[in-house]
Amino acid sequence: MDYTPHTEAEIQEMLRRVGAESLEDLFRHLPEEILNPEIALPEPLPEWAVLEELGRLAERNRPARKAFLGGGIRSHHAPPVVQALASRGEFLTAYTPYQPEVSQGVLQATFEYQTMIAELTGLEVANASMYDGATALAEGVLLALRETGRMSVLISHGVHPEYRAVLKAYLEAVGAELKVLPLEGGRTPSFPVPEGVGAVVGQNPNYLGALEDLAPLAEAAHRAGALFVAVADPLSLGVLKPPGAYGADIAVGDGQSLGLPMGFGGPHFGYLATKKAFVRQLPGRLVSETVDAEGKRGFILTLQAREQYIRRAKAKSNITTNAQLTALMGAMYLAALGPEGLREVALRGVALAHRLHDLLLEVPGVEPFTPKPFFNEFALRLPKAPGAVREALAARGLHAATPVPEEYGENLALFAATELHQEEDLLALREALKEVLA
Amino acid sequence: MSYPLIFERSRKGRRGLKLVKEAPRAEDLIPKAFLREAPPRLPEVDELTLVRHYTGLSRRQVGVDTTFYPLGSCTMKYNPKLHEEAARLFADLHPYQDPKTAQGALALMWELGEYLKALTGMDAITLQPAAGAHGELTGILVIRAYHEDRGEGKARRLVLVPDSAHGSNPATASMAGYQVREVPSGPDGEVDLEALKRELGPHVAAIMLTNPNTLGLFERRILEISRLAKEAGAQLYYDGANLNAILGWARPGDMGFDVVHLNLHKTFTVPHGGGGPGSGPLGVKAHLAPYLPVPLVAKGEEGYYLDFDRPKSIGRVKSFYGNFLALVRAWAYIRTLGLPGLKRAAALAVLNARYLKELLKEKGYRIPYDGPCMHEFVAQPPAGFRALDLAKGLLELGFHPPTVYFPLIIKEALMVEPTETESKETSRPSPRPWWSFWRSPRSGWKTPPTPPRCAAWTSLGLTSAPSSPTLTRVRARSRPGPGPRPGRSGP
Chain A
11 MDYTPHTEAE
21 IQEMLRRVGA
31 ESLEDLFRHL
41 PEEILNPEIA
51 LPEPLPEWAV
61 LEELGRLAER
71 NRPARKAFLG
81 GGIRSHHAPP
91 VVQALASRGE
101 FLTAYTPYQP
111 EVSQGVLQAT
121 FEYQTMIAEL
131 TGLEVANASM
141 YDGATALAEG
151 VLLALRETGR
161 MSVLISHGVH
171 PEYRAVLKAY
181 LEAVGAELKV
191 LPLEGGRTPS
201 FPVPEGVGAV
211 VGQNPNYLGA
221 LEDLAPLAEA
231 AHRAGALFVA
241 VADPLSLGVL
251 KPPGAYGADI
261 AVGDGQSLGL
271 PMGFGGPHFG
281 YLATKKAFVR
291 QLPGRLVSET
301 VDAEGKRGFI
311 LTLQAREQYI
321 RRAKAKSNIT
331 TNAQLTALMG
341 AMYLAALGPE
351 GLREVALRGV
361 ALAHRLHDLL
371 LEVPGVEPFT
381 PKPFFNEFAL
391 RLPKAPGAVR
401 EALAARGLHA
411 ATPVPEEYGE
421 NLALFAATEL
431 HQEEDLLALR
441 EALKEVLA
Chain B
646 MSYPLIFERS
656 RKGRRGLKLV
666 KEAPRAEDLI
676 PKAFLREAPP
686 RLPEVDELTL
696 VRHYTGLSRR
706 QVGVDTTFYP
716 LGSCTMKYNP
726 KLHEEAARLF
736 ADLHPYQDPK
746 TAQGALALMW
756 ELGEYLKALT
766 GMDAITLQPA
776 AGAHGELTGI
786 LVIRAYHEDR
796 GEGKARRLVL
806 VPDSAHGSNP
816 ATASMAGYQV
826 REVPSGPDGE
836 VDLEALKREL
846 GPHVAAIMLT
856 NPNTLGLFER
866 RILEISRLAK
876 EAGAQLYYDG
886 ANLNAILGWA
896 RPGDMGFDVV
906 HLNLHKTFTV
916 PHGGGGPGSG
926 PLGVKAHLAP
936 YLPVPLVAKG
946 EEGYYLDFDR
956 PKSIGRVKSF
966 YGNFLALVRA
976 WAYIRTLGLP
986 GLKRAAALAV
996 LNARYLKELL
1006 KEKGYRIPYD
1016 GPCMHEFVAQ
1026 PPAGFRALDL
1036 AKGLLELGFH
1046 PPTVYFPLII
1056 KEALMVEPTE
1066 TESKETSRPS
1076 PRPWWSFWRS
1086 PRSGWKTPPT
1096 PPRCAAWTSL
1106 GLTSAPSSPT
1116 LTRVRARSRP
1126 GPGPRPGRSG
1136 P
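Protein sequence lines correspond, in order, to chains A and B.
What the first sequence shows, in the working numbering, is residues 11 to 448, in sequence order.
What the second sequence shows, in the working numbering, is residues 646 to 1136, in sequence order.
See the structure below:
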């Protein structure tokens, strides 16, 4: 099975037409010493057997639906209506919408996505998507450095450690400097930003789940002539003050919380929003509204001179493939829930997380770590190594206690709650944790 | 009629999905200073309206599922439905769950890595990059770390790319802090060896090549090129965008490449999704393995684990472990085809391209570099016609046109990649072949014989880049009125 339609007779006829005797003949001009290497691959399988093999692999996983694991990815409801619409072959099997005449579907849906992200973040424009939250942060910071012409970045320790790691790799590439601002009491302190810093980065809710007032840091950034970059979970923006309202020039985040399957970490999408003034520095694709020859509204890719296929070495970024379909799924989710539905999902998580916090503190040896108020996840200090606790809980059928890197402190673990949890789930976790820590 | 925006279908107070029985009050949970003052103005629609909106949009969009899509370099082949079901089996895994409870996922990643190493002739692989260009960036960072480790980082500041290269190659090199120089193509469309020799030296960090190149031609002097690169101490980078042409028949590793990225969304049938998400694994030879991003999937005595203990690693290029659900699809593809199927797919991709090239030549198209093409070829329309004329004619018919005006070294270029999943009659449909529709361009567009009007849109200001484009429908909070009005509000 190789999904090709050719009959043997057609192959022979086509070979004759191109002056070849066999399929092997088509490769005859390649150097002989590299042709037909020995390659060890498993034998081909019929479709049902591939599914069986995959089923065998899947059985070796314990699905994490209703997990209490935090760390930026959470178990949320993935609405079937979104799954169904995103599975439409026209969306699923299209390429980048370079030909607007036959790509109005993706273009308009992307324009709507850009509008929703701008609305959520309180900023004016958003691009068509980035790979994930971490690369959106790296590209957002590079944008700020291009705009300010500076090569130094200050980032709060409250930003997700994996995001900081990705940013570090991207900044080392261009030779920019990265300094980390330590937390005080689980939050980013107000700090005078030194001269020469081009971008200051904070996250709200931060990696440990705490709500942060980032306005003073944004102000300090602006006083030093730097741009302020906010990392924000889009679900939280259903209720929290948008980054644009506390002085962010650029907002980034990961879209998984908008009902995307966790998928062992991907694909999700990253959003990147900013002010109109910086639009020419934006990386990646942008869709704009226009009219066609008959006066009908339509949508096209715009400001393409920023992009690699036009500008080559002078492009703002090398990004080409982004995360279009998952971004559209995020937009579909936002449209399916509306402002009220989004608010309800966000607040239900907050309420349950606080309830869970109280319950888990009843377990002997467990200490609070993330200060209140927090959002839908929080860190606790456990009396044992968090990796071992996570393993012991998993053995009891519960996924919880994401180990926090030691740079934040010893024996810390993240717990999260979402709209999928009920009171009895929280109680079950408390009892299991009691057993594990006894 | 313009198709309404989702915001224009919105009615205040209308509800779609309700996922929570009773929501608490925000003020009871969160201090007011942290709360937004007004709810975000998202659409308020019921579920059926949502379904009709997006179904309608999908009908204003073509994909491989609806039409021939011979977009050169993009490999728009069939994306098997089996893979969508496969991905669903792994949807509910959390990246931070105990690895002992994700052994199946880790095993799949490890196995896929082994398959891809075998197919490319590489020694080590990372599955972390999210796309081809992301794999390129990772690869160039790995090369940079290698040179720096050997004390040659300061000396080697230049990356060479052929003038026919994908735009992402030079963009990647400059993103990684390198200077870029383009090497001209020779008269046969392949890399000009003499020009390459002149540029090579101890200042060159890497050469980035696509093979077959963007003209669809296999670089026949590749062994000579890799020998020259090795002598000069430069690393040879393989852009995997065109690997589908030779998969199973020849391997970048055997050609002398040190690094190769793969586009799982091209060669291995992961759907393109209107522009992503993709997946861009990166394979390297042993001398570059220490620099790959963390974590790598490893196999130990007690099962599979994530190896973070790699002191020379460039760090991370993406959160978590890559676009995992794309990896599941690629795994399913390789297990379905096996080596014989993969080789047959590559051979039929080449056969389809050569066959179509012959048909076009017969109709007066010109082939500027008429060597033995692989999975794609670059043609020019007959004298007096423009590439855009053919593109527009095809759009009128509801086909997706080939890539036009690329590679940049050819005027009026039409870059055609039929792929192996298209049948012979796609190339020569009856009663009239698609490639002759532009025959009388001056009068022809308006009157092709009963053209199915699949194009949702007629003609566009493709070249009129607006000075301040309308990028969203976000309105100022202060503006009174019922909401966004249909119609044009931008430039």
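Idealized CB from N, CA, C, for every residue including glycine.
* Output the distance between the C-alpha atoms of P1046/B and L1033/B, rounded to the nearest integer angstrom. => Indexing the second sequence from 1 puts residue 1046/B at position 401. Indexing the second sequence from 1 puts residue 1033/B at position 388. Computed Cα separation, rounded: 9 Å.
* Asked: Taking Cβ to Cβ, would you say P829/B is nearer than 8 Å to A840/B?
  -> By 1-based counting over the second sequence, the position of residue 829/B is 184. By 1-based counting over the second sequence, the position of residue 840/B is 195. Cβ distance < 8 Å, so P829/B and A840/B count as in contact.
* Asked: Who are the near neighbours of G701/B in its chain, counting only those whose CB is closer than 8 Å to its CB and skipping five residues on each side?
  -> Counting from one through the second sequence, the residue named residue 701/B turns up at place 56. Y648.
* Please classify P432/A: is it buried, with 16 or more other beta-carbons within 10 angstroms of its beta-carbon, or exposed? => Along the first sequence, one-based indexing puts residue 432/A at 422. In the sequence as presented, Pro is not what sits at residue 432/A; that position holds Gln. Flag for Q432/A reads exposed.
* **Touching by the beta-carbon criterion (3+ pairs, under 8 Å), the stretch 802-821 of chain B and the stretch 975-986 of chain B** => no
* **S813/B - containing alpha helix (DSSP H), residue span** => Indexing the second sequence from 1 puts residue 813/B at position 168. S813/B -> alpha helix (DSSP H) spans S813 to M820.
* Which bits of chain A does L993/B rub up against, with CB to CB less than 7 Å? -> Mapped onto the second sequence, residue 993/B falls at position 348. The contacting residues are T14 and H16.
* Terminal residues of the alpha helix (DSSP H) in which I788/B lies -> In the second sequence, residue 788/B corresponds to position 143, counting from 1. G777 to D794 is the extent of the alpha helix (DSSP H) around I788/B.
* Asked: Are the C-beta atoms of S871/B and some chain A residue less than 8 Å apart?
  -> Sequence index remark: in the second sequence, residue 871/B carries index 226 (1-based). Chain A contact via Cβ: absent.
* To do: Please confirm if Q742/B has its CB atom under 8 Å from at least one CB of chain A.
  => Counting from 1 along the second sequence, the entry for residue 742/B is found at position 97. So yes, Q742/B belongs to the interface.
* Tell me the start and end of each unbroken alpha helix (DSSP H) in the stretch 296-358 of chain A that is at least 4 residues and wholly inside, in chain order. => 318-321
* Asked: When DSSP labels each residue in this structure, what does P684/B get in the three-state scheme?
  -> Your numbering for residue 684/B matches position 39 in the second sequence. In the three-state reduction of the DSSP assignment, P684/B falls in the coil class, being assigned neither a helical nor a strand state.
* Asked: Got a sec: is the Cβ-Cβ distance from G986/B to anything in chain A below 8 Å?
  -> By one-based count along the second sequence, residue 986/B stands at place 341. By this cut-off, G986/B is an interface position.
* So F969/B is in the alpha helix (DSSP H); what residue range does that whole segment cover? -> Taking the second sequence and counting its residues from 1, the one referred to as residue 969/B is at position 324. From DSSP, the alpha helix (DSSP H) with F969/B extends over F969 to E1007.
* If you draw a straight line from the alpha carbon of P1013/B to that of A1024/B, how long is it in whole angstroms? -> Stepping through the second sequence from its first residue, residue 1013/B is reached at position 368. Stepping through the second sequence from its first residue, residue 1024/B is reached at position 379. Rounded to the nearest angstrom, the two C-alpha atoms are 7 Å apart.
* From the DSSP output, in three-state form, read off H86/A for me. => For the purposes of this step, residue 86/A is identified with residue 76 of the first sequence, where counting begins at 1. If DSSP states are grouped into helix, strand and coil, H86/A belongs with coil.
* Note the first and the last residue of the continuous alpha helix (DSSP H) segment covering D899/B. => Translated into positions along the second sequence, residue 899/B becomes position 254. Element bounds for D899/B: P897 to M900.
* Asked: Which chain B residues sit within Cβ distance under 8 Å of F37/A?
  -> Against the first sequence, residue 37/A aligns to sequence position 27. Chain B residues near F37/A: I891, W894, A895, A992 and V995.
* Using only alpha-carbon positions, find the residue among L727/B, I852/B and T771/B that is nearest to A934/B. => One-based indexing of the second sequence puts residue 934/B at position 289. Nearest of L727/B, I852/B and T771/B to A934/B, Cα basis: T771/B.
* **Contact set for Y1010/B: own chain, Cβ-Cβ below 8 Å, skip 5 residues either direction** => The sequence position of residue 1010/B within the second sequence is 365, counting from 1. Result list for Y1010/B: A1024, Q1025, P1026, P1027, L1059 and W1080, in chain order.
* Asked: Smallest Cα separation from L738/B: which of S97/A, E20/A and A404/A?
  -> In the second sequence, the residue the question calls residue 738/B occupies position 93. Cα-wise, what sits closest to L738/B is A404/A.
* **V904/B (DSSP reduced to helix, strand or coil)** => Indexing the second sequence from 1 puts residue 904/B at position 259. Strand, per DSSP.
* Asked: Are the beta-carbon atoms of A821/B and L782/B separated by less than 8 Å?
  -> Residue numbering aside, residue 821/B sits at position 176 when the second sequence is read from its first letter. Residue numbering aside, residue 782/B sits at position 137 when the second sequence is read from its first letter. It is a contact, given that the beta carbons lie within the stated cut-off.
* Can you give the beta carbon distance from T1117/B to T720/B, rounded, assuming they're within the 8 Å contact cut? -> Translated into the one-based positions of the second sequence, residue 1117/B becomes position 472. Translated into the one-based positions of the second sequence, residue 720/B becomes position 75. Between T720/B and T1117/B the Cβ distance is about 32 Å, and since that is not below 8 Å, they are no contact.
* Asked: Any C-beta of chain B sitting closer than 8 Å to the C-beta of R156/A?
  -> Your numbering for residue 156/A matches position 146 in the first sequence. No, R156/A does not count as interfacial toward chain B.
* Any heavy atom of the ligand FAD closer than 7 Å to the Cβ of E793/B? -> With respect to the ligand FAD, the structure offers nothing, as it holds no ligand at all.
* Asked: Just how far apart, CA to CA, sit V696/B and D710/B?
  -> As a working note, residue 696/B is residue 51 in the second sequence. As a working note, residue 710/B is residue 65 in the second sequence. Computed Cα separation, rounded: 19 Å.
* Within 8 Å (strictly less), CB to CB, does S113/A reach chain B? -> Working through the first sequence from its first residue, we reach residue 113/A at position 103. Output row for S113/A: interface = yes.
* Asked: Would you call the stretch 788-802 of chain B and the stretch 915-928 of chain B touching, i.e. three or more CB-CB distances under 8 Å?
  -> No, because fewer than three Cβ pairs between the stretch 788-802 of chain B and the stretch 915-928 of chain B fall closer than 8 Å, the two stretches do not touch.
* Asked: Would A287/A count as contacting chain B if we go by Cβ distances under 8 Å?
  -> On the first sequence, residue 287/A is found 277 positions in, with the first residue counted as 1. With 8 Å as the cut-off, A287/A does not count as an interface residue toward chain B.
* Residues of the stretch 222-251 of chain A whose Cβ lies closer than 8 Å to any Cβ of chain B, in chain order -> D223, L247, G248, V249, L250 and K251
* Find the residues of chain A that neighbour G610/B, judging by a C-beta separation of less than 8 Å, and give them in chain order. => Nothing about residue 610/B can be read from this structure; chain B reaches only from 646 to 1136.
* Please work out which residues of its chain come closer than 7 Å, Cβ to Cβ, to P1096/B, disregarding the five sequence neighbours upstream and downstream, and give them in chain order. => Walking along the second sequence from the start, residue 1096/B turns up at place 451. For P1096/B, the predicted model reports a pLDDT of 34, less than 50, meaning its position is unreliable and no value from the coordinates is stated.
* Taking 8 Å as the CB-CB limit, is R307/A close to chain B? -> Position 297 of the first sequence holds residue 307/A. Yes, because at least one Cβ of chain B sits closer than 8 Å to the Cβ of R307/A.
* Asked: Cβ of D259/A less than 8 Å from any chain B Cβ?
  -> For this step, residue 259/A is matched to residue 249 along the first sequence. Chain B, which has no Cβ nearer than 8 Å to the Cβ of D259/A, makes this no.
* Nearest chain B C-beta to N332/A closer than 8 Å, yes or no? -> Start at 1 with the first residue of the first sequence, and residue 332/A comes out as number 322. It does; some Cβ of chain B falls within 8 Å.
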